[in-house]
Ligand SMILES: [Fe+2]
Ligand SMILES: [Fe+2]
Ligand SMILES: [Fe+2]
Ligand SMILES: [Fe+2]
Ligand SMILES: [Fe+2]
Ligand SMILES: [Fe+2]
Ligand SMILES: [Fe+2]
Ligand SMILES: [Fe+2]
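Protein chains in written order, with the numbering used here: chain A, 155 to 532; chain B, 155 to 532; chain C, 155 to 532; chain D, 155 to 532.
In C-alpha cells form, the structure reads like this:
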C-alpha cells in the first residue's frame, strides 16, 4: 500500500529532500506507533521560509451588518444570550472564531434599559463605540459613560458589565478580544459575578479623569496606592482628545510613510501598550494622503472612525467608510489611502503587536518596488 | 432541514442559553453569508470555565525510541534530511507536530564526522545532550563542545549548525523548539546560511566561560560591547556546575513542596529566562522525596537526567528513569516522586512559562485534598 | 597641649564612647600623619540617628525680590552676565550656592529683544514662568513659547538658549537646577555653543504637541525614531492643561492627607520623573484645605502659582502668596494650608525625589500627635 | 571699603565677565540681605568646564597602617569604640571623612572571641577581607564565614554585626561605605539592635550557596518568595570562584585596553550592581600588562588583592603590592601596570559608578596622546 503521507521535499541545500520508499514508509509507521515521527517528513512544512497567514484579508461593511445586528434584539434577550453579539468570522479562522489571526471581534447591541451580567475572564477585552447614546460600562467598580469612537478597556481579570441607560438610544459597539489567543495558549478562565452585577464605588469616569492627563499622573492614586497592575489604569480613551492629539501631532510631524499620522494608545504608568496582549492605535490620513506599502508580523483589525478611503492588502483593494472593519493578516503587504482631498480620514486599529514585541517576533519590511505601492491583482 | 450546528447551551446565569429554532437557524445562515456569526452559539465553547488542554499527558521512554533514532542513520543522510531527528508527537497535537502545547521536541542523532548545514530561523531552539561524545554546536560563530546533560541555546535569529568530531562517539540529544508557537503566531522565518557553514571566530566555549560565573559579569563584553540581545549570552549551561548548584541549594533550602530543589536557568544579564519564549529549569528530588500536587498554566516537557522515579499527572502514574521524556499539559495536576531512598533524582524541564508571564496569563493552584496528593485513576 | 579634637561620645550601647587620653591623642596624631583617623572619634558624628539638614526652612517673597531682579537689567547686559539671574541662597548652603539641599534656584529676567547665548552642561535645568510675555526657549533645536506658570525642561546635555521677542513684555522666570548636586558628584561639564545660538529646525512647541497628549504617544517619533534619552521628550508642560488636570483629579479623588490634590509631571515614555535627577509636581489645596504634617527625605522647593496660604515647616509658619518661593529641607516636618475658603491654591514644587528613589534613600513618616498638626514654635 | 568677594570673570563669549564696581558691590550687599546673590558673580565657579575633584590621588600602604590598626586593639575595646576601625582620610576630603569623593573606607580589626554589636543604617556597606581567620559577619540573620579576599555586602537597612570565632586568628578587613554620600544627601538613619545581637536562623553561607551559581537562580527563594529588595541577595562573593572567573574570562577575551580582564560583581536577580549606590569589580592584569590611560566620572577605591604593580594617576606613579589601597578621583587620568612578567596581579575596586549611571552622569574619555600613556609628572 503506497504511503498517504504528504511529502514536503524541497530541492534546496539545507532543506529536507528525502524521497519516499517502502522501507521508509514502514519506518514512519513504526514511529507513529511510538507517538513519534521523522522530522524530515514535515520539516519544510513547519519551518516555512516566511509566514503565510491562515487569515484572509477582508472587510466587513457596516451597511451589511447593521441590520442583522439590530435584528438580534428581537431574536434573543441579553439574559439568554449572555451578550448579544454578532462576531466576525474570518474564512480562514472559522475553527477559532477569529476575525484575524488570534483576534476575536464582534458587534454588540443593547437597547435602552438593557444590561448584561457581570463576569470576568483571562481574556482581555476592549470596546470601540460605533453608535447610540447612553451606553455605559463598569470595570472593577468604575463606571464609564461611552460615546461615539470612545475606546474602552476591560483587562484580563477585571469584573465587567455593560448597559444602556433608560433614556439612551440603541447602542452598537465593537468588542475586541484576545479570546482565540488565550484559548490557544490554554490559559482562559471564566467566572460569573456572584451577584450578576457590581457595586460602583467610584465617581463616574474617574479613571480617565485621574490618569488621562497630558504629562501628568496622580501623585497618589485614586485607588489608594501605586498602580502595579500589568494594564493601563486609564480604562477609557475618549474620542475628542484623541482626535485633537492627532491634529496636534499633524502640526509637528510628517508622520510615517506607511501610516501617516499615527498615535498609540498607552498605559500612562509605563508608556507601553494598554494591555499585555493587545495594542491599539488611531491614525489620521491627511487629505489626499496615500501611504506606501509595508508588511510586518502581527494581526491587525481596523475600523474606520472618520472619513473614507481604501486600503490595498496583498494586492487587493478594499474601500472603506465610517464604521467599516477590515483586517490585515500577519506579513501581508498593506497601504492606506484617504479618498478625500479635503477631509482627513481616521482609522482605529487594535492588534497583537505587544505579543510580537514581548516574544521577540516583530519584523518589518518596506515594499521597495513600484514607488512603494503594490500592483493591484485583478 | 434541522440545524447541524452544535449547541453549547449552559443553564447557568450569565452563560449563553439560547435554544435552537428555525428562525434562528435561518438567521445564523444569513450571518454566515456575511462572514459573521452569533456569539451566543459559540460563547460557552470559546469562553470555557477553565483551560482544558488538547495535549495528552504522556511519556516517551528512551528504551523505546533509542533504536529507532539510531536506525535513522542508516536510512537518511544529514544532507538529505536537513537534520536527522525523530520528533515527539503528542496524540492531541499531531496537526502542529508538538510534544505538548506549542512546544516541539525531537531526538537528533549524529555520527562521528557528520555535520548539519548552518541556518537560522525565528523559532528559538535548545538542546539537551543525552549520550555520545565529541558533539559540538556553533551559534553565531561561537563553538561549544557538548557533554552529557549539558543544556545549550540556539536563540531566535542566530546562525547555527551541529556536528560530531571524527574521534567522537555517536551522539543523541534532545532538541526543543517553539516552532509550533512561532508558526501559530505566523512569525516564522527561515534562512539557509549562504556558505552552509560558519566561520568560528571565538575561543571554544567562550560564552560560557565569560558569562557563566557566579555573581560576576564581564565588565567589557567579549563581543566588544554591552549585551543588548533579548536572550542569554551564556549559550551553554554545563551539567557539572548545575548539579553542584542544586546540591548547594539543597544545603540551604527546604525547597518547594511541589518541586523539591529547583533552579531556573537564567540570562545572567537580566536575571530573567534564557530566551523570551522559552524557560528551562533543573530540579532535584531528594532521596525519598514525594512532592505535593499542583497545577498551573503553561506547557512543560521534562527529561529525567539522573536517577528514577514517577510523576502523577491528572491522576495517572508515569514511571521514568534516565533520558525518559514526559509532558505536563497546561492546567494539569502533577506531582513528582523519587523512587530511591538513597540517591537523588534530577529532572530537566523546558517550557513556555516566559510566554505565560509576559502575557499576564500565569495562574497556579495547589491540590488541597487528600494530603495534597492526587488519587490515582485506574 | 590638650587635644583640640571634638569628642562626639555618646553614652549609648552600640555607639562610640571613648574618653580622651594623652596616649590616644598621640595615637590620633600619628594616624593623621598617615592620612588616617580613628573611626570612633567621628563615628557618632558621621552616623547620626536621623538626618539633620544643613538647610534652613525659609521663604523668598516675590515682593522683596522683584525690584532687585528688574534692577539687574540696568546693571549688567546678558552678554556680560552670561545669564542675568538673581539666585536664592539658603543661609545654611552658601558654600554651594543652593536654595535647599543640593538644589540651585534663581530668578532670571529678560527684556524684549534680549537673548542669552546657547550652551549646554551636565546639570539639568528647568524653568517656571512667573511674569511677562513673549519669552521663548530653544532646547536642542526645539523652540518653545513660554507663558505664565508653564514648566519647561532643559535636560542634562541639551543645547539651550532663551530670549524674549521684540514685541514681548519683560519676563521673569524661576530657574531650577541640580548644579550643586552635579558639582558635589564631580560630574559637571560645560560647553558654549560654537555659534552662540542654535538653528531651530522644528515647528514651534512641537515636543509638547507631539508628546503632551492624554494616554497617547506618537507611534513614530517626530524625531525619526524611538525616544531613548533618559529624560522626557515633552519639554514644556503648559499651565492650562495642568490646572485642568488637577481639577479633574479633584473630581474623582480625595487626594492625600499631606498634599491635597497632587500630580507629578512625568516623562510620558516611561511614566517616571521628567529628568533622572529632578522631579516636579503641581498640587491643589482645595478651599479651606489644611493638610496634615509629615516628613520625608529629599529637598523640595515650592513656588505658589495660584492663590495664597501658609505652610508650617519644623514648627514655623510661612505665609505665601503668588510667586513666593519657599523650601522644605530633608526630613523637615511640613504641612500646607489654603488661606481661602472659596478659592483653591496651587503649589508648584521641584525636588530631588528621583535621586532619593533611585538610590534607595526615600523614607517617609507621618506626624502622629496633635491631630497630625505641628505645634507652632514662637 | 573694597569688595572682598572673589571675582570669577572669564573673558570667553558665553561666560560671566562682569567687572566689579562700587554700584554693583552695593547691589550685591542688598541681595545678601535677602538671602540672594547675583549668579554672574559665581556662575563660572559653579559651572566649571569640567570636573576638578577635591580628592587627591593617593595610596595607603598596608605596611604603614597595619601596626597602627593592630595597636588599636590595646587602646580601645569594641564595646567602647562601637567598631574598632582606622579610617582612610583623603587630604581633600577631611571634612566628610572620605577616602575619595563620597566614599568612606576603613580598616577594621578584631581579635578571636570579639564581636561588635548589631545595628543598621541607611548607608550601604561592604567588606573586603585582608587577613586573619575565623571572621564572620551576620546580615539580616544570615551568618557568613569570611576568608582572605572575600567580598561581603551589608546593604542599606540590613541588621549587621561582625566577630571572630574563639579559635580564629586576628582579623583585619577593609570596610567600604557610602556614609559621606548618604550624609550629604541628608538621608542617613541609624539604629542600634534592641538586643545588640541577632538570632541567626539560616544555614551558614546560605545566601552565597543559593544565589552564587553560574547561570542559575533558585526557582523558589530560600527566603520564601521572590527577591524584590533593591540589592543583591548574594551577600558574599568568595575569592576562589572570583579568581577562577577572571582566569576563564582571560581565556576568551582580550579584555579592555584600560582595565585588562575586568569583571563586575553583580546582583544575580537583575544583572545590575550589587547595591544601588555602590558597585564593585575585580580585575586581573596579565603578566607584563600595562593598560592605557583613560578617565571617567565617579570615585574609585582600589585594593591590590594579588601581585604587585603600579598605577599612574594624573601623571603621578603609585606603586602597590598586596593589600595596598589607592584611589582614583573623578575625572582623573589613570592607567595600571602589572610589575611582574610571570604572575598576574589583581585589583579589587569599589566605587559610586551606579550613582553616576542612575543619575545620567557617567562620562568617559580615552587619553589619546603619547601612545595612550600619561607622561609622568616629577
Ligand atoms: Fe467579557
Ligand atoms: Fe502597518
Ligand atoms: Fe535550527
Ligand atoms: Fe509544576
Ligand atoms: Fe544653562
Ligand atoms: Fe511632603
Ligand atoms: Fe554598620
Ligand atoms: Fe577606569
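Ideal Cβ placement from N, Cα and C applies to all residues, glycine included.
If contacts are defined as beta-carbon pairs under 8 Å, then residue i and residue j qualify, I think. What distance do you get, rounded to the angstrom?
i, j, result
"residue 530/C", "residue 451/C", "About 24 Å; that fails the 8 Å criterion."
"residue 255/A", "residue 239/A", "Wrong, their Cβ atoms sit about 19 Å apart, outside the cutoff."
"residue 211/D", "residue 468/D", "6 Å"
"residue 620/C", "residue 302/C", "The question about residue 620/C has no answer, for chain C in this structure spans 155 to 532."
"residue 495/D", "residue 422/D", "So it is not a contact: roughly 36 Å between Cβ atoms."
"residue 364/D", "residue 406/B", "5 Å"
"residue 340/D", "residue 485/C", "7 Å"
"residue 265/D", "residue 227/D", "6 Å"
"residue 190/B", "residue 243/A", "6 Å"
"residue 417/A", "residue 370/C", "4 Å"
"residue 108/A", "residue 449/A", "The shown model of chain A, from 155 to 532, leaves out residue 108/A, and the question about it has no answer."
"residue 359/D", "residue 312/D", "Not a contact, Cβ separation roughly 16 Å."
Can you pull the chain B residues whose beta carbon is under 8 Å from the beta carbon of residue i, in chain order?
i, result
"residue 420/D", "369, 370, 371, 422"
"residue 499/D", "Those within 8 Å of residue 499/D in chain B number zero; the least Cβ separation is about 16 Å."
Name, please, each residue of chain C whose Cβ falls closer than 8 Å to the Cβ of residue i.
i, result
"residue 492/A", "Ordered by position in chain C, no residue passes the 8 Å Cβ test against residue 492/A, which lies about 17 Å from the chain."
"residue 374/A", "407, 409, 410, 413, 416"
"residue 399/A", "367, 368, 370"
"residue 310/D", "514, 515"
Chain D partners of residue i, CB-CB under 8 Å?
i, result
"residue 403/B", "363, 364, 367, 372, 376"
"residue 522/B", "Result: empty, since nearest Cβ-Cβ is about 19 Å, beyond 8 Å."
So residue i contacts chain D; which residues on that side make the cut at Cβ distance below 9 Å?
i, result
"residue 391/B", "368, 369, 370"
Could you tell me which chain C residues have their CB closer than 7 Å to the CB of residue i, listed as they occur along the chain?
i, result
"residue 396/A", "370"
"residue 268/D", "Chain C residues near residue 268/D: none, gap ~15 Å exceeds 7 Å."
Under 7 Å Cβ-Cβ, which residues of chain B neighbour residue i?
i, result
"residue 435/D", "373"
"residue 298/D", "In chain order: nothing, as chain B lies at least about 12 Å away."
"residue 388/D", "369"
Can you pull the chain D neighbours of residue i, defined as C-beta to C-beta under 7 Å?
i, result
"residue 241/C", "190, 191, 193"
Anything in chain C within Cβ reach of residue i, meaning under 9 Å, just list it in chain order.
i, result
"residue 276/D", "205, 451, 514, 515, 517"
Name the chain A residues whose beta carbon is nearer than 8 Å to that of residue i?
i, result
"residue 568/B", "The structure shown does not extend to residue 568/B, since chain B spans only 155 to 532, so no value can be given for it."
Next on the checklist: I'd like the ranges of any beta strand (DSSP E) spanning at least 3 consecutive residues and lying wholly in the region 403 to 487 of chain D.
Outcome noted: 415 to 419, 433 to 439, 448 to 450, 454 to 460, 462 to 467, 470 to 475, 479 to 482
Next on the checklist: List, from N- to C-terminal side, the beta strand (DSSP E) runs of 3 residues or more that fit wholly inside the region 340 to 399 of chain A.
Outcome noted: 344 to 346, 370 to 372
Checklist entry - Name the residues in the region 341 to 367 of chain D whose C-beta lies less than 7 Å from a C-beta of chain C; which are they? => result 341, 342, 343, 344, 346, 350
Next on the checklist: Tell me which residues of the region 319 to 337 of chain B have at least one Cβ-Cβ distance to chain A shorter than 7 Å, keeping chain order.
Outcome noted: 333, 336, 337
Checklist entry - Between the region 187 to 203 of chain A and chain B, which residues of the former have CB atoms less than 7 Å from a CB of the latter, in chain order? => result 188, 189, 190, 191, 192, 193, 194, 196, 197, 200, 201, 202, 203
Item to check | Contact residues within the region 167 to 183 of chain D, judged by C-beta distance below 8 Å to chain C | outcome: 167, 168, 169, 170, 171, 172, 177, 178, 181
Next on the checklist: Which residues of the region 440 to 451 of chain C have a Cβ closer than 7 Å to any Cβ of chain D? Give them in chain order.
Outcome noted: 451
Item to check | In chain order, each beta strand (DSSP E) run of at least 3 residues that lies wholly inside the region 159 to 240 of chain A | outcome: 190 to 192
Checklist entry - Taking any heavy atom of ligand 7 as the mark, which residues have a C-beta closer than 6 Å to it, listed down the chain? => result 273/D, 275/D, 279/D, 314/D
Item to check | Residues from the region 209 to 224 of chain A in contact with chain B, defined by Cβ distance under 7 Å | outcome: 212, 214, 218, 219, 222
Checklist entry - Listed in chain order, which residues of the region 471 to 485 of chain C have Cβ atoms closer than 9 Å to some Cβ of chain D? => result 483, 484, 485
Checklist entry - Counting only runs that start and end within the region 244 to 329 of chain A, where is the beta strand (DSSP E) found for 3 or more residues in a row? => result 258 to 264, 273 to 275, 279 to 293, 296 to 300, 305 to 308
Item to check | Segments assigned beta strand (DSSP E), at least 3 residues, entirely inside the region 479 to 528 of chain A | outcome: 479 to 482, 488 to 492, 499 to 505, 518 to 520
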